[in-house]
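Residues 1 to 119 (the working numbering) make up the sequence shown, in order. Heads up, the thing below is written out as structure tokens.
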Amino acid sequence: MTGRIKKKQIQAELSKTSYQQPGVLICPLCDRTIPKSQRDEHHLIPKSHRGRQTKVLHRICHRQIHAIFTENELARQYNTIEQLKSHADIMGFIEWVRLKPADFFERTRKSRRLSNAKA
Ligand SMILES: [Zn+2]
Ligand SMILES: [Zn+2]
1 MTGRIKKKQI QAELSKTSYQ QPGVLICPLC DRTIPKSQRD EHHLIPKSHR GRQTKVLHRI
61 CHRQIHAIFT ENELARQYNT IEQLKSHADI MGFIEWVRLK PADFFERTRK SRRLSNAKA
């Protein structure tokens, strides 16, 4: 009878689950890791609307949110990550940015609609 447990194989399986290093942040918007240089804090409800809860995102993801939504829209409707992700423009952005390296950044162009309405 040969019923020996393959210890080594089991240990290898277990170690697979702990690949995420401590201190590594994952962007809730695009699910990629965020390098230190790209960390940006987003107020789910804008500070101007007395919001306090923040989420750490990539700078580019953060800029994209503010390029699409006004502070009023953020405060009233898009005040959770789930709501943000449900918007077609954000979905399109995520599809695009997911294929970029984690430290990718380029200037985000504001939509015409918002560039005139800046508070
Ligand atoms: Zn923000
Ligand atoms: Zn991101």
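Yeah, the Cβ is synthetic: ideal placement off N, Cα and C, and Gly gets one too.
When DSSP states are grouped into helix, strand and coil, I26 belongs to the strand group. Distance from the C-beta of H49 to the nearest heavy atom of ligand 1 is not below 7 Å.
Applying a distance threshold of 5 Å between residue Cβ atoms and the heavy atoms of ligand 2 selects C27, L29, C30, H58, C61, given in chain order. Here T54 has E41, H42, H43, L44 as same chain residues with Cβ atoms under 8 Å from its own Cβ, once five neighbours each way along the sequence are excluded. Residue pairing by DSSP puts K55 in a beta bridge opposite H42. Relative to ligand 1, even the nearest heavy atom lies 7 Å or more away from the CB of I68.
Scanning H49, A67, A102 for the CA closest to the CA of D89 turns up A67.
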